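Comments concern the structure below.
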DNA sequence: CGAAATCTCCACCTTTTGGTGGAGTATGCA
DNA sequence: TGCATACTCCACCAAAAGGTGGAGATTTCG
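Written out as structure tokens, the structure reads:
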């Protein structure tokens, strides 16, 4: 049969791509048909090769993984994408799944887990590990930050003072304080430094 | 000839190990003789296999990369270790090189860069890329934190207040402030939140 | 030994941050 | 239409953080 599963691998690290290709090569019914090193390339190559499954890292240069997923899913609503990332505390998991990813794997997994996930997702099901599902549920339950609060939080992480944030966003310092108050209570912390580190830990913002 | 280079691969991510093994397998004169997933295992396997070259990730469970390097180099002063990491801003580079690493590579490298580095280090030379050497020189030039300042900085990143830090360290709040003043000026920042984020960015401390 | 660095602490002051409670406007959804 | 949410802003207050300058004790190292 010509039923070998066509796979695209997206990761900016050459070694990781190599590892995935090597792992997949041991499976007779799977084949890597394309490799991309960034989000843009992933979108282009998806158009060209229409892989059955895309294994995608979230941290990518140019266009990040979440954006790439959204774009690909817009063009090809049936695209099946499995997210592959190093950081399990990452808020982007949630965003990626919302953007239409069908599976999620940590890079520490075994070959078996990978091939199982590929088969599961290829068969049309989703494959989200218990740990992640749990964290996701947790996350969903918890209060989410508004976009304005995110603007402020990013600047807190960037080390800006309330005054600077106010002028960055063209609002008064009082408003900044209001937002910060919401942020602190939503994150369950008591000052901006904690807000910064827990935001980084939970992957709500990144140090790029 | 029996002159194939014996290599040990240390990384907690299965995929990365697989990638390295696959890359190295394409070189006829190199061979992976051992794989370790954490620092302890790396030390044990080094005793058993005495590889010519060890490729070591720095972020490892149990015993971190730097400790493992130090331990291995204590037992086998001639061990040749190449550090392999994802994060190029990482302060651990410096520590790893001090601990006796002979080479340093980012995971984004090409197959050529890897094999070249292996050959260079195997021949007894060091192989530190220009970018890293530069950053290292920069780092050396810059003021370094004292151990007490590091104690304080860690707690700042941990989101502790001055009062809490004081009681953690059994010193007065005044002393904490003194240390923080030094930290801020040494890091070239103006408040604790910036201190936290730049410390994370430069890899001086980690969010574990 | 003597200089340098480190660690500890104090006083005094200014600025920043966080806490509380209230309030008006716009938007969107039931 | 009416309620909920998000965004904006205000005043007032208390606590925390940061800036400056000085000082004694200990260790380290040339």
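Residue numbers (our numbering), protein chains in the order written: chain A, 96 to 303; chain B, 96 to 303. A virtual CB, placed ideally from N, CA and C, is assigned to each residue, including glycine. All of these numbers come straight from a predicted model, not from anything done at the bench.
Query: Neighbour list for residue 107 (chain B) in chain A, Cβ cutoff strictly below 7 Å; Result: 203
Query: Proximal residues of chain A, C-beta to C-beta of residue 287 (chain B) below 8 Å; Result: 288
Query: Residue 300 (chain A) and residue 258 (chain A) closer than 8 Å at C-beta; Result: no
Query: Cβ-Cβ separation, residue 284 (chain A) to residue 254 (chain B) (assumed contact under 8 Å), whole Å; Result: 7 Å
Query: Per-residue contacts from residue 251 (chain A) into chain B (C-beta, under 7 Å); Result: 288
Query: Among B:186, B:182, B:193, the one whose alpha carbon lies nearest that of residue 176 (chain B); Result: B:193
Query: Buried versus exposed, by CB contacts within 10 Å (16 or more), residue 302 (chain A); Result: exposed
Query: Cβ pair residue 125 (chain A), residue 157 (chain A) closer than 8 Å; Result: no
Query: Buried or exposed by the 16-neighbour rule on C-beta atoms within 10 Å, applied to residue 292 (chain B); Result: buried
Query: Unbroken alpha helix (DSSP H) run spanning residue 162 (chain A), endpoints; Result: 160 to 170
Query: Separation of residue 223 (chain B) from residue 143 (chain B), as counted between CA atoms; Result: 28 Å
Query: Bridge-paired residues (DSSP) for residue 264 (chain B); Result: For residue 264 (chain B), which the question treats as bridged, DSSP gives no partner whatsoever.
Query: Cross-chain neighbours of residue 291 (chain A) in chain B, by beta carbon under 8 Å; Result: 288, 291, 292
Query: Proximal residues of chain B, C-beta to C-beta of residue 298 (chain A) below 8 Å; Result: Within 8 Å Cβ-Cβ: nothing; residue 298 (chain A) doesn't reach chain B, min ~11 Å.
Query: Residue burial classification, residue 219 (chain B) (beta-carbon count within 10 angstroms, cutoff 16); Result: exposed
Query: Pairwise C-alpha distance: residue 277 (chain B) and residue 169 (chain A); Result: 52 Å
Query: Cβ-based neighbour list, residue 140 (chain B), same chain, cut-off 7 Å, excluding 5 preceding and 5 following; Result: 103, 129, 131
Query: Cα-Cα separation, residue 295 (chain B) to residue 100 (chain A); Result: 41 Å
Query: Endpoints, the beta strand (DSSP E) within which residue 223 (chain A) is located; Result: No beta strand (DSSP E) holds residue 223 (chain A); DSSP gives it neither H nor E.
Query: Residue-chain proximity (residue 284 (chain B), chain A), Cβ-Cβ < 8 Å; Result: yes
Query: Separation of residue 247 (chain B) from residue 121 (chain B), as counted between CA atoms; Result: 48 Å
Query: Assigned exposure category for residue 98 (chain B) - 16 Cβ within 10 Å defines buried; Result: exposed
Query: Presumed contact (8 Å Cβ cut-off) between residue 152 (chain B) and residue 106 (chain B), rounded CB distance; Result: 4 Å
Query: Residue-level contact to chain A via CB, residue 96 (chain B), 8 Å cutoff; Result: Unreliable placement is indicated for residue 96 (chain B), whose pLDDT of 47 sits below 50; no coordinate value is reported for it.
Query: Residues of its chain near residue 159 (chain A), where Cβ-Cβ distance is below 7 Å and the 5 sequence neighbours each way are ignored; Result: 134, 153
Query: Any C-beta of chain A under 8 Å from that of residue 113 (chain B); Result: yes
Query: Between the CA atoms of residue 260 (chain A) and residue 290 (chain A) - distance to the nearest angstrom; Result: 15 Å
Query: Per-residue burial, residue 269 (chain A) [other beta carbons within 10 Å of its own, 16 or more giving buried]; Result: exposed
Query: Contact under 8 Å by Cβ, residue 150 (chain B) with residue 179 (chain B); Result: yes
Query: Residue 175 (chain A) (DSSP reduced to helix, strand or coil); Result: strand
Query: Contact check, residue 308 (chain B) vs residue 161 (chain B), beta carbons under 8 Å; Result: For chain B, the structure presents residues 96 to 303; residue 308 (chain B) sits outside this window and is missing.
Query: The beta strand (DSSP E) enclosing residue 114 (chain B), as first and last residue numbers; Result: That residue, residue 114 (chain B), is in no beta strand (DSSP E); its alpha helix (DSSP H) goes 109 to 120.
Query: Residue 254 (chain B): contacting residues in chain A (beta-carbon distance under 9 Å); Result: 284, 285, 286, 288, 289, 290, 291, 292, 293
Query: Residue 271 (chain B) to residue 256 (chain A) span [Cα, whole Å]; Result: 22 Å
Query: Interface residues of chain A facing residue 245 (chain B) [CB-CB closer than 7 Å]; Result: Correct list: empty, because the minimum Cβ distance to chain A is about 16 Å.
Query: Residue 152 (chain A) (DSSP reduced to helix, strand or coil); Result: strand
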